[in-house]
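Following: one structure in structure tokens, then a few remarks.
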Amino acid sequence: MRLTALLRHTADIYPIHSVSLHSIADKAEELVKKRYSVSRMVREMESFAHDAEVLRLIVGTFKSVPVQPTLKMRDYKPYMALVACSPEDFAFCYLCNDLVAVYETECRTPELMFFCDLLRCMRGRSYLNCVTNRVCDYFFRARRDTLRHISSPLKGSEMQYAESRLKELEKAVFRLKVKMYKWHTFTAEELAGMCGMSYSHFRSRFEEYYGCSATDWLRQERISRIKEDLSYRPELALKEVAERNRFLSASNFSDFCNQQVLKTPGELKKEGYEEWCERRMKYWNSES
1 MRLTALLRHT ADIYPIHSVS LHSIADKAEE LVKKRYSVSR MVREMESFAH DAEVLRLIVG
61 TFKSVPVQPT LKMRDYKPYM ALVACSPEDF AFCYLCNDLV AVYETECRTP ELMFFCDLLR
121 CMRGRSYLNC VTNRVCDYFF RARRDTLRHI SSPLKGSEMQ YAESRLKELE KAVFRLKVKM
181 YKWHTFTAEE LAGMCGMSYS HFRSRFEEYY GCSATDWLRQ ERISRIKEDL SYRPELALKE
241 VAERNRFLSA SNFSDFCNQQ VLKTPGELKK EGYEEWCERR MKYWNSES
């Protein structure tokens, strides 16, 4: 166990902290031997994280060696849990800048997946926000690339695992999918299918993240697009506006406008044209 051996060596050098360091090393060996879960490791190591001097010595020991701590070291997990339990600046800066930032650069996905588990167990600790942001950003970029049909070194299962562990990441990915796919449909059921979710699951997530139903939100999006077409594209005929916004007929388009905004398409087009003329006048007056 490389990290434990380093720690015991440090204990021999600093006899004043020898008892504490050996106790931590003993606990780490026990946790590894019994194969406890990450949440159990956090609970077991929490009590050791209150001694700032000892923690500073441990972090300094890990930073003093040229080899980056990784999952290949069997005792990696309990020590990462220990450092994460400390709210001291040097501790979370070490996690964020010396570990996670390097893992990002080197695409060390297994270590970052472990941090997903660790951060999930420690949700609510604001001092770890910078670490959470880095981990989320790593998996978010990969998901964004795959949605844009850009190759990514990450597997779909790895991205899905991270999203299931970090609520912040799941929300960001969900909103990204909605933003990308909203242009292809005005139906909540179809949007759910494009996002790869059952309608019931999609509906509950949408209401949680947007504060309204998907049907109402898509309806407002449709109204906004109609107004944009009529205001920014005055050259479009009403029939073209209806087709662009996926109405089956001009009468359906007219009924929708009357019901939703209490105006006919012709009235909306007139208002849009007046707004367009007003914007042009403002532009030319500002130029002069």
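Take the sequence shown: its position 172, counting from 1, is numbered 172 in full-length UniProt numbering, and each next residue is one higher.
All C-beta atoms in this analysis are idealised placements derived from N, C-alpha and C, irrespective of residue type, glycine included.
Sub-8 angstroms separation of residue i and residue j beta-carbons
i: residue 57; j: residue 10; result: yes
i: residue 289; j: residue 2; result: The requested residue 289 does not occur in the structure, where the chain is confined to residues 1 to 288.
i: residue 7; j: residue 61; result: yes
i: residue 143; j: residue 178; result: no
i: residue 94; j: residue 59; result: yes
i: residue 158; j: residue 109; result: yes
i: residue 229; j: residue 246; result: no
i: residue 268; j: residue 257; result: yes
i: residue 207; j: residue 199; result: no
i: residue 163; j: residue 169; result: yes
i: residue 253; j: residue 237; result: no
i: residue 4; j: residue 75; result: yes
Contact belief for residue i with residue j at Cβ below 8 angstroms, rounded distance in angstroms
i: residue 227; j: residue 272; result: 7 angstroms
i: residue 195; j: residue 181; result: 6 angstroms
i: residue 96; j: residue 131; result: 5 angstroms
i: residue 122; j: residue 54; result: Wrong, their Cβ atoms sit about 20 angstroms apart, outside the cutoff.
i: residue 77; j: residue 115; result: Their Cβ separation, rounded to whole angstroms, is 10 angstroms, which puts residue 77 and residue 115 out of contact at 8 angstroms.
i: residue 44; j: residue 27; result: 6 angstroms
i: residue 21; j: residue 49; result: Wrong, their Cβ atoms sit about 14 angstroms apart, outside the cutoff.
i: residue 36; j: residue 92; result: Actually they do not touch by this definition, with Cβ atoms about 23 angstroms apart.
i: residue 260; j: residue 203; result: In fact, because the Cβ distance is near 21 angstroms, the residues do not count as touching under 8 angstroms.
i: residue 284; j: residue 231; result: The pair is not a contact, with the Cβ atoms about 18 angstroms apart (cut-off 8 angstroms).
i: residue 120; j: residue 175; result: The pair is not a contact, with the Cβ atoms about 20 angstroms apart (cut-off 8 angstroms).
i: residue 29; j: residue 52; result: That pair is no contact at about 23 angstroms.
Where the alpha helix (DSSP H) through residue i begins and ends
i: residue 172; result: 167-181
i: residue 74; result: Element bounds for residue 74: n/a, residue is neither H nor E.
i: residue 91; result: 89-93
i: residue 67; result: That residue, residue 67, is in no alpha helix (DSSP H); it is neither H nor E in DSSP.
i: residue 193; result: 188-194
i: residue 105; result: 101-106
i: residue 135; result: 129-147
i: residue 243; result: 238-244
i: residue 263; result: Counting along the chain, residue 263 falls outside any alpha helix (DSSP H), and DSSP gives it neither H nor E.
i: residue 49; result: Here residue 49 belongs to no alpha helix (DSSP H), and DSSP marks it neither H nor E.
i: residue 20; result: 18-34
i: residue 185; result: Where residue 185 is concerned, there is no enclosing alpha helix (DSSP H), given that its DSSP letter is neither H nor E.
i: residue 15; result: Element bounds for residue 15: n/a, residue is neither H nor E.
i: residue 155; result: Unbroken run through residue 155: none, as it is neither H nor E.
i: residue 225; result: 214-232
i: residue 208; result: 199-210
i: residue 85; result: First-last for residue 85: undefined, no H or E at that position.
i: residue 111; result: 109-121
Does the pairing of the region 181-194 with the region 135-146 give three or more beta-carbon distances under 8 angstroms?
These segments do not touch.
Is the region 88-103 close to the region 51-71, with three or more CB pairs under 8 angstroms?
Taking a contact to require three or more Cβ pairs closer than 8 angstroms, the region 88-103 and the region 51-71 qualify as touching.
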